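In my numbering, the protein residues as written are 446 to 714.
Okay, here's the thing in structure tokens:
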């Protein structure tokens with residue numbers, strides 16, 4: 446039986462959508478998505494690059510509104526399409542003021558869409574871009590905990606801005622390493638899924654000062670809107686679930702994750 450689709454809650458304090466893919470949204474015009482996001486008090490949106498053919502699309506989306514920001518980077522699924530020319534394009538544009546991180550980069554051994562050696566090489570090359578540009582990183586890691594830790598250890602001293610391991614579904618070992626090293630963990634609609642107790646366990650062990658809110662839209666739509674395309678304006682449901690799982694006041698979660706987002710991506714406060 447489907448759950449009642451209650452209205453999206455609106456918080457007095459603004460929130461920041463730290464990870465979505467605006468160019469993948471199909472259900473409504475971009476202007477409508479942005480307007481609805483603004484209505485539920487989303488102050489900023491970060492739209493994420495994943496492939497050579499959407500680096501420019503992300504940069505264009507950053508012009509849609511002064512509160513839309515982006516990243517530049519190549520997802521591990523696309524690692525075999527990473528070339529010197531792609532790296533030059535990323536390096537050319539990461540100094541743009543509306544580009545706030547290098548990402549989405551990392552390792553994915555679940556789907557293995559790219560050779561693992563190539564994934565590791567491309568991960569290292571893009572971490573170096575972040576070091577050189579003094580930018581944080583948005584990391585994707587799936588079924589690759591040990592190699593993710595090993596590669597991040599190589600950059601412990603040079604990657605000063607750290608960043609986030611987004612859509613965190615990995616084990617406690619990677620979580621402890623990342624948290625000890627000053628990384629944030631990103632949580633989304635998976636936290637609301639019935640069978641995601643493993644993710645909620647990681648939420649419980651993560652200090653609220655190191656949690657970021659995200660949707661990963663158009664994927665991973667939270668309860669009670671599962672079955673519909675995800676969008677940034679569903680982010681309040683993630684905040685509610687984080688507060689419930691951690692046993693914290695919703696206002697505290699909203700305020701602290703907002704500050705975490707500013708610190709991680711915007712050098713604020």
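Glycine included, C-beta positions come from ideal geometry on N, C-alpha and C. Please read all numbers here as calculations on a predicted model, not as lab measurements.
Beta-carbon proximity of residue i to residue j, cut-off 9 Å
| i | j | result |
| --- | --- | --- |
| residue 657 | residue 638 | no |
| residue 475 | residue 509 | yes |
| residue 462 | residue 677 | yes |
| residue 693 | residue 653 | yes |
| residue 464 | residue 696 | no |
| residue 590 | residue 616 | yes |
| residue 612 | residue 685 | no |
| residue 470 | residue 674 | yes |
| residue 644 | residue 614 | yes |
Nearest candidate by alpha-carbon position, reference residue i, set the options
| i | options | result |
| --- | --- | --- |
| residue 542 | 563, 579, 550, 533 | 579 |
| residue 586 | 563, 619, 492, 523 | 619 |
| residue 629 | 636, 610, 647 | 610 |
| residue 646 | 513, 621, 597 | 621 |
| residue 604 | 504, 634, 591, 569 | 569 |
| residue 513 | 550, 468, 634 | 468 |
| residue 455 | 486, 480, 577, 479 | 486 |
| residue 577 | 649, 478, 602 | 602 |
| residue 661 | 623, 584, 597, 642 | 584 |
| residue 625 | 598, 488, 473 | 598 |
| residue 555 | 702, 588, 672 | 588 |
| residue 664 | 545, 505, 472 | 472 |
| residue 453 | 668, 545, 643, 563 | 668 |
| residue 539 | 478, 641, 507 | 507 |
| residue 544 | 560, 489, 644, 650 | 489 |
| residue 650 | 666, 640, 672, 623 | 623 |
Nonlocal neighbours in the same chain, by C-beta distance under 6 Å from residue i, ignoring five residues either side
| i | result |
| --- | --- |
| residue 711 | none |
| residue 494 | 500, 503, 516, 517, 518 |
| residue 600 | 572 |
Contacts around residue i, its chain only, beta-carbon distance under 8 Å, and the 5 residues preceding and following it disregarded
| i | result |
| --- | --- |
| residue 535 | 500, 517, 518, 519, 547, 571, 574 |
| residue 526 | 496, 497, 519 |
| residue 670 | 450, 679, 682 |
| residue 531 | 497, 500, 519 |
| residue 478 | 467, 470, 676, 677, 678 |
| residue 550 | 518, 519, 520, 521, 567, 568, 571, 572, 582, 583, 584, 585 |
Contacts around residue i, its chain only, beta-carbon distance under 7 Å, and the 5 residues preceding and following it disregarded
| i | result |
| --- | --- |
| residue 709 | 581, 608, 609, 629, 657 |
| residue 648 | 632, 636, 687, 690, 691 |
| residue 701 | 653, 654 |
| residue 558 | 522 |
| residue 703 | 458, 459, 460, 461 |
| residue 563 | 524, 525 |
Distance between beta carbons of residue j and residue i, contact taken as under 8 Å
| i | j | result |
| --- | --- | --- |
| residue 699 | residue 491 | The pair is not a contact, with the Cβ atoms about 17 Å apart (cut-off 8 Å). |
| residue 552 | residue 511 | About 34 Å separates the two Cβ atoms, so there is no contact after all. |
| residue 800 | residue 529 | Here the chain has residues from 446 to 714 only, and residue 800 is not among them. |
(request) Run through the region 521-551 for me and flag every whole beta strand (DSSP E) of 3 or more residues, listed as ranges in chain order. (result) none
(request) Give, in chain order, every unbroken run of the alpha helix (DSSP H) that is at least 4 residues long and sits entirely within the region 661-709. (result) 680-691
(message) Runs of 4 residues minimum, wholly inside the region 619-651: which ones carry the alpha helix (DSSP H) assignment?
(response) 642-650
(request) Could you name each continuous alpha helix (DSSP H) segment of 4 residues or more that falls completely within the region 561-591, going from the start of the chain to the end? (result) 561-578
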